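Position one of the sequence shown corresponds to residue 4 (this note's numbering), numbered consecutively onward. I have placed the structure first, in the form of structure tokens, so that the comments after it can refer back to it.
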Amino acid sequence: MNQQPFLGIRIGFALTGSFCTLSKVVPQIAQLREGGAIITPILSFSVRDYNTRFGDRNYWRDQVSRAAATIEIIDTIAAAEPIGPRALLDIMVIAPCSGNSLAKLAAGIADTPVLMAAKAHLRNNRPLVIAVSSNDALAANFSNIGTLLNRKHLYFVPFVQDDTELKPNSLIADWQLLAPTIAAALKGHQIQPIFCQQTD
Ligand SMILES: Cc1cc2nc3c(=O)[nH]c(=O)nc-3n(C[C@H](O)[C@H](O)[C@H](O)COP(=O)(O)O)c2cc1C
């Protein structure tokens, strides 16, 4: 088996404010790096700035930095802009992608480092992978998911309804499928099924 399936691939790994899922996502960053990827972390303003019950901002910044093995973190709109003209990334991932960032992406708004990075990256016609994590994904945000499913160069990490009893409108990406989704997106394919059975 190929131990380094992402050897030399430059991945922009963007995190947005689904704070409860950061602990699931950080190990995926480390796994991609161990698979040979060169990771550029990108933080939304909320991940950069908020202290929440899931951990304070410095803790998560440090966790991301260790997982990616870099202290170079993009956390301003100005720092994200060169991703476009300098073609800095082979692929970009937004994981977790909050309902807020999902809606703005669908509307063409670029007012955070993550959204600016996505806008800059997409101008180069390169793949963008989205890993949804939102309580309103099947409500206010469902139309935005539909819009983005229909957009070129965008790929979704398959998602599940994580709590049909208490959060019937919630969808969450299957983190185990993040790396396979990236591998397929690099070849221009969306892995299926997009609505999947929970595996973890
Ligand atoms: C503790 C906490 C947990 C949150 N969890 C989520 C979440 O899981 N999914 C989501 O879409 N928004 C969640 N939010 C709301 C977002 O953080 C908020 O909409 C923020 O503006 C997102 O900005 P960003 O997309 O630029 O990171 C949470 C907020 C807080 C304070």
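A virtual CB, placed ideally from N, CA and C, is assigned to each residue, including glycine. Note that the structure is predicted; figures quoted are calculated from it, not measured.
In angstroms with no decimal places, state the Cα-to-Cα distance between residue i and residue j.
i, j, result
"Ala187", "Gln179", "14 Å"
"Arg36", "Ala81", "25 Å"
"Leu125", "Arg13", "15 Å"
"Arg51", "Ala113", "16 Å"
"Phe9", "Gly39", "5 Å"
"Leu181", "Phe57", "22 Å"
"Pro88", "Thr167", "43 Å"
"Leu18", "Asn144", "18 Å"
"Ala140", "Ser68", "29 Å"
"Val29", "Ser47", "15 Å"
"Asn128", "His156", "7 Å"
"Ala121", "Ile32", "18 Å"
"Pro130", "Gly20", "22 Å"
"Thr55", "Gln193", "34 Å"
"Thr53", "Trp63", "In the sequence as displayed, the identity of residue 53 is Tyr instead of Thr. Answer to the nearest angstrom: the Cα atoms are 10 Å apart."
"Pro183", "Phe198", "15 Å"
"Pro85", "Asp78", "13 Å"
"Ala142", "Ala109", "15 Å"
"Gln7", "Gly191", "20 Å"
"Ile185", "Val132", "7 Å"
"Asp165", "Phe22", "16 Å"
"Gly111", "Asn61", "30 Å"
Taking residue i and residue j to be in contact with their CB atoms under 8 Å, please state how far apart those CB atoms are, rounded to whole angstroms.
i, j, result
"Ser137", "Ser101", "6 Å"
"Ile41", "Ala83", "Actually they are not in contact, since the Cβ atoms of Ile41 and Ala83 sit about 17 Å apart, beyond 8 Å."
"Phe159", "Ile175", "Not a contact, Cβ separation roughly 12 Å."
Run the CB neighbour count on residue i, radius 10 Å, all protein chains shown included, and call it buried at 16 or more, exposed below.
i, result
"Pro171", "exposed"
"Asn5", "exposed"
"Pro196", "exposed"
"Asp65", "exposed"
"Ala134", "buried"
"Ala177", "Contrary to the premise, residue 177 reads as Asp rather than Ala in this sequence. Per the 10 Å Cβ criterion, buried."
"Lys27", "buried"
"Ala98", "buried"
"Ala123", "buried"
"Leu25", "buried"
CB of residue i to nearest heavy atom of ligand 3: below 7 Å?
i, result
"Arg60", "Here the bound small molecules are ligand 1; ligand 3 is not part of this structure."
Validate contact between the segment 111-119 and the segment 151-162 using beta carbons, cut 8 Å, 3 pairs: no
The segment 85-103 touching the segment 13-28, judged by at least three CB pairs closer than 8 Å: yes
Given 8 Å, three or more beta-carbon pairs between the segment 104-113 and the segment 64-77: no
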